[in-house]
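Participant: Residue numbers (the numbering used here), protein chains in the order written: chain A, 82 to 461; chain B, 18 to 269.
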Amino acid sequence: MRFVFKTTYGQDLGLFRDAVQRNWYVALLLGLILLPRLVPAYLNDISLVFIYGLCGLSLMVLAGYTGLVSLGHAAFLGVGAYAHVYFTQTLGLPWIVSVALAAVLTAAAGVLVGLPALRMTGVYLTIATLAFALIIQEVFARWEPVTGGLKGRAVDKPVVFGFKMGSDVAFYFLCLVFLAGGIWLTANLLRSPTGRAWVAIRDSEIAAQSMGVNLAVYKTMAFAYSAALMGLGGALFAHRIGFLAPDIFSVLLSIQFLLMVVVGGLGSLHGALFGAVFVALLPVAISQARDTVPAGLGQIAAVFGKGAGDATFVAADRFVKQPGLEPGIFGLILVLFILFEPLGIYGRWLKIRIFFSTFPLYKHATFRRQKTYMRSERLR
Amino acid sequence: MTLLAAEGLQINFGGIRALDGVSFDVEPGQVFTIIGPNGAGKTTIFNLISRIYDSTAGRLTFAGEDITSVPPHEIARRGIARTFQNIELFEHATVLQNLLLGRHGHRRTRFVEELLFLPRVRQHELSHREAVEKVIEFLDLQPHRDSLIANLSYGARKVVEMARALCTEPKLLLLDEPSSGLSVEETEGMAFWIQDIRSLLGITVLMVEHNMSLVGTVSDRVLALNYGRPIAIGTAREVQEHPDVIKAYLGG
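Structure (structure tokens):
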């Protein structure tokens, strides 16, 4: 096991624990830069992972760090997407200006939702955000001059600083840059007073208030920042899907975002990104399985005779072609995670890492909490 | 000059009058203790001072300024810090992060600067860290610096909560039952710390306490409450011997 000796206070302010950790992240970045050469067929899916990564960061700030659970984040994504398309294609603003404006506009929408939310806590807040999302979706459908209404609106390829980013590779790198920037900004906030105030509000509002945290200001700030990240994600998302229609930004998408942070692990940036990988790639995996699993099962069952093989193939084929399969699997996974791994994928990752770093001495009790003293713990 | 003055504090919860005409003065450098049976309204006084409740009538003055209606987050900035009876720490954070939050009232950086983590932010964070380290040194919290609150013992949490209050650099420290749930040794340690906070740091202490030996050791003045009304005020010995106080505790 490696122990980091600290000699200056500045060491606790770094983004990375030490040089070893930094080198791992550099290696990861290099890997991502080389990835387009390795898996050119999946670039579009990986770009979606990056965009969902931004969305994950956004909801992680709000739900994971500030403790305000939102079921309306797809609406913020939609506001960002429609605003960006309107600014670039109707008003003809430069791409980068339009993205910035979309983020600002979404942040304003965040403040608008955040203000009434100050008086609500827990599940009531979640329901309020849900209502907001439904209203916004209706606005997308009715405000035809801007959104194109139910007919939808086609999205051009991005043109950044005069470069037309038509290819998948260019778009992949565009998303990568935005995600890396988003991670950096969020990590900066989390190591500053603002981030600490958010965590304080999550863990004990009354204590945060007594230490001088203005609850109204910091909750609104969390909403605004979270929405702004979602707005950035929305601008990229618009290019990724190429066509905007109101039904894309449905409650189901909001639930997917929530799933992302819960499955990834609440309260960690890693969790947001793990969750994004999971949620963005699961549909890809399901569609792959759709093509291969029935035939595979049929071949295995064919050992017991041709009739059994055919019957299995037909049954499996009917099962995987059920229309509700994907949300069903998502829901099942969410339930299983909450039951068996409340810390999410990030928690599992930590356990695996500690298992190896303390190899023969790992004890199961490391992550088990034995004592409960505090109010919020007793309620759990 | 009086540091904290309460005049005729009164608060009603529905039909219940939890406090009725409570007045007292806390002089700078004092350890002032409020005692009383359960439900006497001791913690309610704390919640009025930290502005979690609005008083129905009465006035609170701190350092010459009326604080009866300032917003709750302003209280810390004015120099009043508190601990809670049931420990309100940020349990999924480390001790260090908890203490750094105590520095929140001293935040001088703006959101955009923090977003980019400009050198100025780093500089301020380092100075906050130094202030926090002084408190860690003072309360011997070095072994727990990087542990999560969830992994600490109850006694250690009590100390961390007091440390967090000290990190705000208060003029007045409100301690809500500092010895509850502590062993005899830990209570003695707490008594030393309270005395040190008063004499070495020059911080005035207002506390609610049940343990009469601790009250007798550290307090300069004691106020006894019963059913929201003050029944006796004076030195610890005077209050303990007051017939109304004996009656309130023992009945009769």
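Using N, Cα and C, we set each Cβ at its ideal position, and we do this for glycine too.
Remember, predicted model here, so these are calculated numbers, not experimental data.
(1) Which residue spans inside the stretch 41-86 of chain B form an unbroken beta strand (DSSP E) run of at least 3?
(2) Give me the Cα-Cα distance between S248 of chain A and D237 of chain A, rounded to the nearest whole angstrom.
(3) G379 of chain A and D391 of chain A look like a contact to me (Cβ under 8 Å); what is the Cβ gap, rounded to whole Å?
(4) Please check the pair Y90 of chain A and R146 of chain B, which I expect to be a contact at CB under 8 Å, by giving their CB distance rounded to whole angstroms.
(5) Can you tell me which of the three DSSP states F440 of chain A falls into?
(6) When the Cα atoms are used, what is the spatial distance from G46 of chain B to L218 of chain B?
(7) Work out the CA separation of P364 of chain A and L165 of chain B for me, nearest whole Å.
(8) Per DSSP, which one or two residues make a beta bridge with Q27 of chain B?
(9) Between the Cα of L118 of chain B and the Cα atoms of A:P274, A:G346, A:L193, A:T439, which residue gives the shortest distance?
(10) Helix, strand or coil for D261 of chain B per DSSP?
(11) Rounded to whole angstroms, what's the CA-CA distance from Y266 of chain B to A241 of chain B? Just pull it up for me.
(12) Could you say which of B:H123, B:T78, B:F63, B:L183 lies nearest to A35 of chain B if we only look at CA atoms?
(13) Under the rule that 16 or more other beta-carbon atoms within 10 Å means buried, what is V85 of chain A, buried or exposed?
(14) Which chain B residues are close to Y90 of chain A, counting only those with a beta carbon under 8 Å from its beta carbon?
(15) Whose C-beta lies closer than 8 Å to the C-beta of V256 of chain B among residues of the same chain, with five residues either side of it excluded?
(16) Just mark Y299 of chain A as buried or exposed, buried being the case when its beta carbon has 16 or more other beta carbons within 10 Å.
(17) Check the Cβ-Cβ distances between A125 of chain A and every residue of chain B, and say whether any is below 7 Å.
(18) Could you check where the alpha helix (DSSP H) with M341 of chain A kicks off and where it finishes?
(19) Jot down the residue ranges of each uninterrupted alpha helix (DSSP H) in the stretch 146-215 of chain A, minimum 4 residues, whole runs only, in chain order.
(20) Under 7 Å, Cβ to Cβ, is there at least one residue of chain A near P136 of chain B?
(21) Chain B beta carbons: is any one of them nearer than 7 Å to that of Q218 of chain A?
(22) Tell me whether R459 of chain A is buried or exposed, calling it buried when 16 or more other Cβ atoms sit within 10 Å of its Cβ.
(23) Would you report the Cα separation of A55 of chain A and S200 of chain B, rounded to the nearest angstrom?
(24) Are the Cβ atoms of H154 of chain A and L135 of chain A separated by less than 7 Å?
(25) By how many angstroms is the C-alpha of G38 of chain B removed from the C-alpha of Y244 of chain B?
(26) Mind pulling the chain A residues with CB within less than 8 Å of Q114 of chain B?
(27) Distance, Cα to Cα, H161 of chain B vs D71 of chain B?
(28) For the putative contact between V342 of chain A and F418 of chain A, defined by C-beta atoms under 8 Å, what is the C-beta separation to the nearest angstrom?
(29) Please report the straight-line C-alpha distance between A305 of chain A and F101 of chain B, rounded to a whole angstrom.
(30) So, is the C-beta of D284 of chain A closer than 7 Å to a C-beta in chain B?
(31) Using CA coordinates, which residue listed in B:R181, B:A23, B:R246 is at the minimum distance from A110 of chain B?
(32) Let me know the secondary structure DSSP gives F242 of chain A once reduced to three states.
(33) Using a Cβ-Cβ cut-off of less than 8 Å, give me the residues of the stretch 339-351 of chain A that come near chain B, in sequence order.
(34) Is the separation between the beta-carbon of T187 of chain A and that of G161 of chain A shorter than 7 Å?
(35) Since L94 of chain A meets chain B, which of its residues come closer than 7 Å, beta carbon to beta carbon?
(36) In chain A, which residues lie with their C-beta within 8 Å of the C-beta of T126 of chain B?
Facilitator: Result, derived from the coordinates:
(1) 48-52, 74-79
(2) 12 Å
(3) 7 Å
(4) 4 Å
(5) helix
(6) 10 Å
(7) 37 Å
(8) B:D37, B:A74
(9) A:P274
(10) helix
(11) 10 Å
(12) B:F63
(13) exposed
(14) L143, R146, E147, E150
(15) I52, V239, L240, A241, A249, I250, V262
(16) buried
(17) In the sequence under discussion, the amino acid at residue 125 of chain A is Asn, which differs from the Ala named in the question. Output row for N125 of chain A: interface = no.
(18) 332-345
(19) 154-166, 176-198
(20) no
(21) no
(22) Only weak support exists for where R459 of chain A lies, its pLDDT of 41 falling under 50; the value from the coordinates is given anyway. Exposed.
(23) The first residue shown for chain A is 82 and the last is 461, placing residue 55 of chain A beyond what the model contains.
(24) no
(25) 11 Å
(26) R277, V280
(27) 37 Å
(28) V342 of chain A to F418 of chain A, Cβ: 11 Å. No contact.
(29) 31 Å
(30) yes
(31) B:R181
(32) coil
(33) G348
(34) yes
(35) R139, E142
(36) S273, P274
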